[in-house]
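With the first letter of the sequence shown counted as 1, position 321 gets the number 561 in the UniProt record's numbering; the numbers rise by one all the way through. In what follows, a structure is listed as C-alpha cells, so that the remarks can point back to it.
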Amino acid sequence: ALVDKGNHRHFMQKEIFEQPTVVAQTLGRLLDPNTGSVRLPDLPFDLGSVKRITIVACGTSFYAGMVAKYWIEKFARVGVDVDIASEFRYRDPVYETGGLALFISQSGETADTLAALRHAKAGGQHIAAVVNVPQSTMAREADVVLPTYAGPEIGVASTKAFTCQLAVLASFAVALGRAKGHVSEAEEAKMVADLERIPSQMAKILHHQEDLVDIARKLAKARDILFVGRGIHYPIAMEGALKLKEISYIHAEGYAAGELKHGPIALIDENVPVIGLAPSDGLFDKSLSNLQEIMARKGRLILVSDHLTAFTENEMHGSFAMPSASDLTSPFLYALPVQLLAYHTAVEKGTDVDQPRNLAKAVTVE
Ligand code: G6P
Numbered sequence: 241a242l243v244d245k246g247n248h249r250h251f252m253q254k255e256i257f258e259q260p261t262v263v264a265q266t267l268g269r270l271l272d273p274n275t276g277s278v279r280l281p282d283l284p285f286d287l288g289s290v291k292r293i294t295i296v297a298c299g300t301s302f303y304a305g306m307v308a309k310y311w312i313e314k315f316a317r318v319g320v321d322v323d324i325a326s327e328f329r330y331r332d333p334v335y336e337t338g339g340l341a342l343f344i345s346q347s348g349e350t351a352d353t354l355a356a357l358r359h360a361k362a363g364g365q366h367i368a369a370v371v372n373v374p375q376s377t378m379a380r381e382a383d384v385v386l387p388t389y390a391g392p393e394i395g396v397a398s399t400k401a402f403t404c405q406l407a408v409l410a411s412f413a414v415a416l417g418r419a420k421g422h423v424s425e426a427e428e429a430k431m432v433a434d435l436e437r438i439p440s441q442m443a444k445i446l447h448h449q450e451d452l453v454d455i456a457r458k459l460a461k462a463r464d465i466l467f468v469g470r471g472i473h474y475p476i477a478m479e480g481a482l483k484l485k486e487i488s489y490i491h492a493e494g495y496a497a498g499e500l501k502h503g504p505i506a507l508i509d510e511n512v513p514v515i516g517l518a519p520s521d522g523l524f525d526k527s528l529s530n531l532q533e534i535m536a537r538k539g540r541l542i543l544v545s546d547h548l549t550a551f552t553e554n555e556m557h558g559s560f561a562m563p564s565a566s567d568l569t570s571p572f573l574y575a576l577p578v579q580l581l582a583y584h585t586a587v588e589k590g591t592d593v594d595q596p597r598n599l600a601k602a603v604t605v606e
C-alpha cells in the first residue's frame with residue numbers, strides 16, 4: 241500500500257496522531273511568521289467587498305463550516321449561512337450579488353456538495369473550495385482553492401482532514417477580518433502567533449490519550465451518550481457525537497448546552513454519560529449551570545475542561561484536563577479528546593474502526 245499504518249493499530253489512530261504535523265503543514269502555507277500575517281492564495285475577487293458568505297458541506301466538513309461561522313462573524317463581522325449540501329441545493333437559496341460561497345470537502349467529490357457548488361456558481365456567486373484532494377472535481381470547478389495539506393486520509397471517519405480544514409478556515413477568518421478593518425495589524429500578528437502554537441499544544445494533548453481509555457471503557461457500555469457544548473464548542477460536540485456513532489455504533493447526540501432543557505434533558509438518567517466540553521471562557525458559568533442540571537438528574541458527567549475543579553472527583557464520572565485556549569485555538573484542541581473517545585470506545589467494542597458498516601469514505605452518489 242502507498243500509505244501504511246506505521247506503528248498504529250488503525251489508520252484512524254495514525255491519522256489522529258498525525259494532526260500536529262499536518263495542521264502545522266497547512267498553517268505553514270498560510271501564515272508568515274516573519275510579518276505575523278496571513279497570506280491567502282490569490283483571490284479572483286476583492287476580499288474586503290465580500291458582504292455575505294454561504295458555507296456548504298456534508299458530515300464532518302459541515303461541522304468545520306459551523307466553527308468557521310463563529311470565527312468569521314466574530315472576527316470579520318460578515319454574516320455567514322452554513323448549510324448541509326443535501327438541503328441547500330433543493331431549498332431555493334437566496335444569493336446576494338457578489339456573495340461568496342465556500343464549499344468544504346475532504347474528498348472534493350461528495351455528490352451533494354458538488355451539486356451545491358454548481359448551483360451557487362449558476363447563481364453568480366464567487367466559489368471557493370476548501371479541499372484536501374487537489375485534483376478533485378471541486379478543486380477544478382472552484383474559482384479559488386484553499387487547500388488543506390492533511391495528506392491521504394484512509395479512515396472513513398474523518399479526523400486530520402477536519403483539523404486541517406479548521407486551520408484554513410481560521411486563517412481565512414483572520415484575513416477577512418483584516419480586509420474588513422475589524423482586525424488590526426497587531427491583532428493579526430497575535431492571532432498568527434496563537435495559531436502557530438496549536439500544533440505543539442495538540443501534541444501535548446495527544447500525549448495524554450491514556451487518560452481517555454478508562455473513560456472509553458465506560459462509554460462502551462452505554463446505549464445513549466450526549467455531547468454538549470456552547471458557542472464554538474457546540475459544533476465540536478456534534479462532531480464528537482458523529483465520530484462516536486460512526487465507529488462505535490452507540491447512539492450519540494451533540495447538543496448546544498443551553499438547548500438541553502428543551503428536550504434531551506428528558507433522556508437523562510444514571511445510564512446516560514454526558515460529555516461536557518466546557519472551557520473556562522466567557523460562557524463557562526452558563527455551561528456549568530447546564531451541567532449541574534444534568535447532574536441533578538443523575539446524568540454521568542464526563543468533563544473536558546481547563547477548569548476541572550468546578551466539580552469534585554466524586555461528582556464526575558470522568559474528566560480530561562485541557563490547556564487554556566482562546567476562541568481561535570480551542571476548537572482544534574477540543575476536537576482531539578472527542579476523536580480519541582470515539583476511537584477508544586470503538587476499539588473497546590471491537591468494531592471495524594477504519595471501515596465502519598454502511599459508511600463510505602466519499603459519497604459520490606446522491
Ligand atoms: C462521508 C464520510 C465523512 C465525511 C463526509 C463528507 O460521510 O464518511 O467522514 O465527513 O462524507 O465528505 P467530504 O469528502 O465532502 O468532506
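Using N, Cα and C, we set each Cβ at its ideal position, and we do this for glycine too.
DSSP has residue i in a bridge; who is on the other side?
i: residue 294; result: 321 and 341
i: residue 540; result: 513
i: residue 366; result: 340
i: residue 558; result: 542
i: residue 277; result: 272
i: residue 467; result: 494 and 515
i: residue 371; result: 345
When you compare only the Cα positions, how much space is there between residue i and residue j?
i: residue 322; j: residue 306; result: 6 Å
i: residue 311; j: residue 410; result: 7 Å
i: residue 431; j: residue 604; result: 37 Å
i: residue 243; j: residue 254; result: 11 Å
i: residue 367; j: residue 384; result: 7 Å
i: residue 500; j: residue 274; result: 45 Å
i: residue 422; j: residue 557; result: 42 Å
i: residue 591; j: residue 428; result: 44 Å
i: residue 606; j: residue 247; result: 37 Å
i: residue 342; j: residue 465; result: 32 Å
i: residue 324; j: residue 548; result: 35 Å
i: residue 290; j: residue 318; result: 8 Å
i: residue 565; j: residue 404; result: 18 Å
i: residue 616; j: residue 331; result: Because the chain here runs from 241 to 606, residue 616 falls outside it and cannot be looked at.
i: residue 433; j: residue 581; result: 29 Å
i: residue 528; j: residue 550; result: 8 Å
i: residue 313; j: residue 320; result: 7 Å
i: residue 294; j: residue 336; result: 10 Å
Can you find the residues in the same chain that come closer than 6 Å, C-beta to C-beta, to residue i, ignoring five residues on each side of it along the sequence?
i: residue 607; result: Residue 607 falls outside the range modelled here, since the chain spans only 241 to 606, and no answer is possible.
i: residue 656; result: The question about residue 656 has no answer, for the chain in this structure spans 241 to 606.
i: residue 329; result: 355, 356 and 359
i: residue 258; result: 400
i: residue 478; result: 303 and 494
i: residue 523; result: 470 and 471
i: residue 475; result: 303, 306 and 307
i: residue 419; result: 287 and 288
i: residue 370; result: 344, 386, 405 and 408
i: residue 453; result: 584
Leaving out the 5 sequence neighbours to the left and right, which residues in its chain are closer than 7 Å to residue i when beta-carbon positions are compared?
i: residue 594; result: 250, 251, 252, 394, 395 and 396
i: residue 457; result: 588
i: residue 417; result: 315, 316 and 423
i: residue 285; result: 366
i: residue 559; result: 542, 543 and 548
Could you tell me whether the Cβ atoms of residue i and residue j are closer together than 9 Å?
i: residue 378; j: residue 345; result: yes
i: residue 277; j: residue 283; result: no
i: residue 578; j: residue 467; result: yes
i: residue 267; j: residue 386; result: no
i: residue 263; j: residue 406; result: yes
i: residue 531; j: residue 497; result: yes
i: residue 398; j: residue 300; result: yes
i: residue 459; j: residue 484; result: yes
i: residue 584; j: residue 455; result: yes
i: residue 256; j: residue 599; result: no
Excluding the five sequence neighbours on either side, which residues of its own chain have a C-beta within less than 8 Å of the C-beta of residue i, listed in chain order?
i: residue 563; result: 441, 444, 445, 546 and 573
i: residue 473; result: 517, 518, 519, 570, 571 and 574
i: residue 450; result: none
i: residue 555; result: 535 and 541
Could you confirm whether any beta carbon from chain D is found closer than 9 Å to the beta carbon of residue i?
i: residue 606; result: Note that chain D does not occur in the displayed structure, where there is just one protein chain.
Legend entry - Inside the segment 480–508 only - beta strand (DSSP E) runs reaching at least 3 residues: 491–496
Legend entry - Uninterrupted alpha helix (DSSP H) stretches inside the segment 382–459 (no shorter than 4 residues): 400–419, 425–446 and 450–459
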